[in-house]
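The structure appears right after this line, and notes come after that.
In the working numbering, the protein residues as written are 1415 to 2057.
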């Protein structure tokens, strides 16, 4: 399907790729990995645009289509979520437009016996057939399936996209890419703004995807579930492993050990050759021999070991003063955005030594509560810090707040005190900024590098209460593991907002669940929480689709149960009515298509000026009936789960 041949890229005199080559076949689901700054996002852009490289070629089979989810999106204001998603079906929209135009023309013309009129009828029939083949009558249901899988609700579909946050707009963009059904799907960090349920849905979608998938992700569990091949960018080349991420780590370790062994032997051979050259260089009888040895060294293909790959973040948190027993008291806290009530009358307490993980769907109030605690948002109620509490806060957009014109070293030196300032370079080195890296301006850093710099900046200040809102976004897998190790040894009180399942495992003593407008605390870590949610293991809940997952049942009283059964009966009747309507409309439209294709009947239909108006209205009614059915079915599933 796709062949990358001898791609070379240079930026500012530095070689990013050197003669990189690999093939992509149908059914491949490739995880693109490598340290931050290795060029993963750059490679996806090159494949998508087929330019941006100095030499080599990107060869795609004829008529193959490429879909690309970038980390940068730019929405046109004024579209609803549904209208934006419909952009994935450009051909359907074009055919519908052409068909409407032709049908209006047929209604207005009276030259029924002319050849031109018959040509228009044939064109109309062809467009009808094409529309049926490309899913013109069912694409709205497909749109809903994908949008609902990514966390949207029915009432969201008619809302304007500019009323949603950047994370939700990224979900819309992901939906458009998935709905376009390309032959090659390129996804750059698709899970960054997804909650656990949406990640599970996306895993199942990609595992059954017919085309090829190339994705960049720092979610280890996601890579293991989705991919069947791993492509590592290192030493300016691509190393291909026919295995998902965890198996790749084992194979990669074996490769590195082999590289080290080969390099050790080569270094020994080079040393011996150089000694012979020095020994015979100035002897006339051996000069020719010495020259041949020099040429041999010049032609030797030196073995490279990815030394930077062996570096890891290594830091410890500064000591802080000891706080009182109570870190934070929240009394009757409420927060609304317009008419939307996000948090209502919350009473909550965080004690010294608590390690809390905030989990739940996006939009349920996790980040809002954090912003209220840190004073970033206004609210009603009371938030009272305890005695001697020193808070540090890492926000989702912390990396974006860095001054793009400042050098990496300047960012750190400005916040470091007199004691720590002389150690600024050492601190940056522990975050993988070494040598000339500290002289770079923030604006040239990759997303992962900016996140590491923002973390470094925050951690220079001592604290006994640490709040991290999605700290792992844009961090590579190795950096996440080291950050997790450091957090395990942190002696203060910890609050983490994250959707990263592996990162949360073993970090928490309490899970705070944000769900359906309620905030509940569960003792234990993420594994205990998943067990409470009827999952024997982390992966079990990930293997279930959102629709199959059974929510906790609510015990109803006699009167409530009677009203509940009455509501089920009502919705069931609406469902049956919608199903009958869909069946009748589909039969009518299908019969019209048959009659239009029949020369004996088409003339009579065409002479009826109301026919095409009725015909088009039936199609519109069918689209609406399918939307109604989807809503009734969702409502029925919710009602039945509470029986």
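Just so you know, even glycine gets a beta-carbon here, dropped at the ideal spot from N, CA and C.
Treat the numbers as computed from the prediction; the structure is a model and nothing was measured.
Residue i - containing alpha helix (DSSP H), residue span
i, result
"residue 1586", "1580-1593"
"residue 1709", "1701-1713"
"residue 1519", "1504-1522"
"residue 1555", "1553-1563"
Nearest-angstrom Cα separation, counted from residue j out to residue i
i, j, result
"residue 1853", "residue 1651", "26 Å"
"residue 1874", "residue 2039", "59 Å"
"residue 2053", "residue 1977", "11 Å"
"residue 1723", "residue 1922", "With a pLDDT of 46 at residue 1723, under the threshold of 50, the modelled position of that residue is not reliable, and no figure is offered here."
"residue 1478", "residue 1596", "8 Å"
"residue 1547", "residue 1589", "22 Å"
"residue 1906", "residue 1766", "7 Å"
"residue 1627", "residue 1936", "37 Å"
"residue 1501", "residue 1437", "30 Å"
"residue 1966", "residue 1648", "In this predicted model, residue 1966 has a pLDDT of only 42, less than 50, meaning its place in the structure is not dependable; the value taken from the coordinates is given anyway. Roughly 47 Å separates the two Cα atoms."
"residue 1451", "residue 1860", "6 Å"
"residue 1833", "residue 1691", "52 Å"
"residue 1657", "residue 1443", "10 Å"
"residue 2044", "residue 2029", "23 Å"
"residue 1419", "residue 1425", "19 Å"
"residue 1812", "residue 1466", "30 Å"
"residue 1705", "residue 1695", "8 Å"
"residue 1457", "residue 1565", "29 Å"
"residue 1549", "residue 1889", "40 Å"
"residue 1807", "residue 2046", "43 Å"
"residue 1982", "residue 1568", "19 Å"
"residue 1642", "residue 1663", "13 Å"
"residue 1631", "residue 1638", "11 Å"
"residue 1838", "residue 1830", "8 Å"
"residue 1676", "residue 1570", "59 Å"
"residue 1949", "residue 1538", "Because residue 1949 carries a pLDDT of 45, less than 50, the predicted location of this residue cannot be relied on, and no value is offered for it."
"residue 1578", "residue 1531", "48 Å"
N- and C-terminal bounds of the beta strand (DSSP E) containing residue i
i, result
"residue 1936", "1932-1937"
"residue 1945", "Not the beta strand (DSSP E): residue 1945 falls in the alpha helix (DSSP H), residues 1940-1946."
"residue 1759", "1754-1765"
"residue 1860", "Note, residue 1860: premise wrong, no beta strand (DSSP E); not H, not E."
"residue 1748", "1740-1751"
"residue 1675", "Element bounds for residue 1675: not the beta strand (DSSP E) but the alpha helix (DSSP H), 1659-1694."
"residue 1416", "1416-1425"
"residue 1469", "1469-1474"
"residue 1644", "1643-1648"
"residue 1807", "1805-1808"
"residue 1653", "1651-1655"
"residue 1447", "1443-1447"
"residue 1776", "Looking at the DSSP string, residue 1776 is not in any beta strand (DSSP E), and its letter there is neither H nor E."
Which listed residue (the options) has its alpha carbon closest to that of residue i
i, options, result
"residue 1871", "1920, 1815, 1914", "1815"
"residue 1421", "1428, 1442, 1471, 1444", "1471"
"residue 1623", "1608, 1591, 1605, 1635", "1591"
"residue 1884", "1483, 1581, 1802", "1581"
"residue 2016", "1649, 1783, 1536", "1536"
"residue 1602", "1608, 1993, 1485", "1485"
"residue 1459", "1481, 1491, 1440", "1481"
"residue 1794", "1757, 2034, 1663, 1667", "1757"
"residue 1984", "2029, 2049, 1932, 1930", "2049"
"residue 1487", "1943, 1660, 1587", "1587"
"residue 1521", "2036, 2031, 2022", "2022"
"residue 1809", "1431, 1880, 1760, 1461", "1880"
"residue 1417", "1464, 1913, 1611", "1464"
"residue 1607", "1557, 1584, 1660", "1584"
"residue 1944", "1924, 1621, 1932", "1924"
"residue 1563", "1621, 1858, 2025, 1613", "1613"
"residue 1687", "1558, 1709, 1675", "1709"
"residue 1428", "1448, 1506, 1851, 1515", "1851"
"residue 1864", "1817, 1898, 1716", "1817"
"residue 1711", "1891, 1835, 1682", "1682"
Proximity test, residue i beta-carbon vs the ligand ATP heavy atom, cut-off 7 Å
i, result
"residue 1790", "As presented, the structure is devoid of all ligands, the ligand ATP included, so that no description of it is given."
Residue j beta carbon less than 8 Å from that of residue i
i, j, result
"residue 1645", "residue 1633", "no"
"residue 1599", "residue 1499", "no"
"residue 1780", "residue 1946", "no"
"residue 1867", "residue 1822", "yes"
"residue 1609", "residue 1776", "yes"
"residue 1572", "residue 1496", "yes"
"residue 1744", "residue 1768", "no"
"residue 1555", "residue 1916", "no"
"residue 1551", "residue 2036", "yes"
Every unbroken beta strand (DSSP E) inside the region 1886-1935 [3 residues or more]: Here the runs fully enclosed are 1907-1911, 1924-1929.
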